[in-house]
Structure formats: C-alpha cells, structure tokens
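Engineer: This is the structure I want to talk about, given as structure tokens.
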Ligand SMILES: NC(=O)c1ccc[n+]([C@@H]2O[C@H](COP(=O)([O-])OP(=O)(O)OC[C@H]3O[C@@H](n4cnc5c(N)ncnc54)[C@H](OP(=O)(O)O)[C@@H]3O)[C@@H](O)[C@H]2O)c1
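Here you go:
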C-alpha cells in the first residue's frame, strides 16, 4: 500500500463484536484510524471509546449493513471524518444452520443480505476511491465454508462461496491498479457468534488468531498480494 502505513484509515463492518472487534484492537497497537459499523450502538460506543483511550482516532456508524441508504450515509461520514479509506474489512455476517428443508426464507434473506449484499455494497463504494488513489486493501471475512461444503451449512456456505467468487473475480479486475483484495477463511472461531449455542468452544480458533492473519494481509509488502488465508484450529 502506498498510504501512510502508520496511520491507515480502516473501515470494519461488523466491528461491534468478535472478529471485527479483535481486528480493531490488534491494529490499534500500531495506531491507525478507525470507522466501525454494526447495529449495536452501545457496543460500538464502548469499543470506540476504548480505541480513543488508546490514542486512536475512531468513529462508528449504526445500521444494517445491507441497507444502501445507511451504507451511503456511513461512507459519506467516513470521507468527512477520515478523509478517505485505506483498508476495508467487510466482516459483518450472520449464520443459520440446519438441513436445507428446515431453513426459512427469512433466514435465506438475512444471510444473503448481510453476507453478500452487505459486502457488495461496501466494496462498490470504496473501490473507486481506492482505484483513484492507486492504493488500498480490501479484505472480506469469508470462511472455510467459502472453500468447501458441509452438511447443515447449505445457505451459509452458499453466501461464503458467493463472496469468495466475488473477491476472486475482483482480484482479476484489480490487476495493475495498486489495490489489493483478499479473503480470510477461518474455521470455527470462539466469538459471541456461538453464544447460547450448545457447542464445545475449547478447541476453536480465537478471534486474536484471525486478527493476526488480517494484520499479515494489511502489513504485507508491496511485492506481495495475499489471495486468502485459511485458518484451521491448532488444538486437536
Ligand atoms: N465465528 C466463527 O466461527 C466464524 C468462522 C468463519 C467465518 N466467520 C465470519 O466472521 C464474521 C464475523 O463473525 P464473528 O464470529 O465475529 O461473529 P459475531 O461476534 O456475531 O459478529 C458478527 C458481527 O456482524 C455484525 N452484523 C451481523 N449482522 C449485521 C447486519 N445485518 N448489519 C450490520 N452488522 C451486522 C454484528 O454487529 P451487530 O450485532 O452490532 O449488528 C457483529 O459485529 C462473519 O462474517 C462470519 O460469517 C465466523
């Protein structure tokens, strides 16, 4: 990235929890400036206050990631407060699991709107700006289920395969522009995603593991262009 590496302007959708929150605090170790999005205003306010107390310039926007008008208002605020964007982590996501015939149309809409439409909207907004400045990094939180399939994951895996294809097509479009695109592809991560669910979280990846992988993409040299990072749990 040609941008000032000590003061990157970083947007994180789904910055109110889990992986998005962990990435913000990981990157805050090196300073940087942040705009976090989500629907939980209380959580966003708390995280942004903590980032500010660490000396970072940080803001948040509240709303549904799939709402075009909300996204446009947020992006206008990003440009006004941060003066542009160097990194987008398109991370907001939701998952509903079960046999296909048991999944509802509402669950279909929620997953495709959040996981695919929300990613498309934010990519569509930031890319012209990044292309114009000839630098930038977009990272989409896909999943191991963006690269493989499994029983009881049909719609969720379909959304993650969709964004995986979106990013791989985008990488071809971005050749020669100075803008880079990548995905992170974690297996199960111990985040609030699993709150209230009867699952063993002891051997899962941690959100810090994912944040370290995101940092690797953001901090990579100009001579490198990471395609995706697949993370599997280290504890067996
Ligand atoms: N945890 C895992 O095992 C795992 C594994 C692979 C990939 N992932 C992916 O990682 C990403 C983050 O998940 P996580 O594990 O960090 O879960 P999480 O703690 O539940 O965080 C999900 C984030 O997405 C935001 N979000 C969800 N729906 C939204 C909507 N309609 N509009 C705006 N924001 C919305 C949430 O914000 P609000 O609640 O404030 O709206 C929250 O910040 C997701 O894309 C998920 O698919 C997770």
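Residue numbers (the numbering used here): 836 to 1071.
For every residue, glycine included, the Cβ atom is placed at its ideal position computed from N, Cα and C.
(1) In the DSSP assignment, the beta strand (DSSP E) including residue 972 goes from what residue to what residue?
(2) Are there any heavy atoms of ligand 3 lying less than 7 angstroms away from the beta-carbon of residue 1055, as far as the coordinates show?
(3) Among all the DSSP beta bridges, which residues are the ones paired with residue 892?
(4) Spatial neighbours of residue 887 within its chain, please: C-beta separation below 8 angstroms, excluding the five flanking residues on both sides.
(5) Note the first and the last residue of the continuous alpha helix (DSSP H) segment covering residue 1118.
(6) Locate the alpha helix (DSSP H) running through residue 1049, then write down its first and last residues.
(7) Go ahead and pull the three-state DSSP assignment for residue 920.
(8) Just list the alpha helix (DSSP H) runs in the stretch 904-966, keeping only unbroken ones of 4 residues or longer that don't cross its boundaries, in chain order.
(9) Looking at residue 857 and residue 1048, is the spacing between their C-beta atoms short of 8 angstroms?
(10) Could you work out which residue in 864, 1007, 1028 and 969 is closest to residue 930 when comparing CA atoms only?
(11) So what's residue 986 in DSSP terms, helix, strand or just coil?
(12) If you measure from the CB of residue 974, is any heavy atom of ligand 1 nearer than 7 angstroms?
(13) DSSP three-state label for residue 1012, please.
(14) If you draw a straight line from the alpha carbon of residue 1060 to that of residue 1051, how long is it in whole angstroms?
(15) Would you list the residues sitting across from residue 1024 in a DSSP beta bridge?
Structural biologist: Looking at the atomic coordinates:
(1) 971-976
(2) Inclusion of ligand 3 in the displayed structure is not the case, the ligand content consisting of ligand 1 alone.
(3) 868
(4) 893
(5) This structure cannot settle anything about residue 1118, because the visible part of the chain is limited to 836 through 1071.
(6) 1042-1054
(7) coil
(8) 940-947
(9) no
(10) 1028
(11) coil
(12) no
(13) coil
(14) 11 angstroms
(15) 1040
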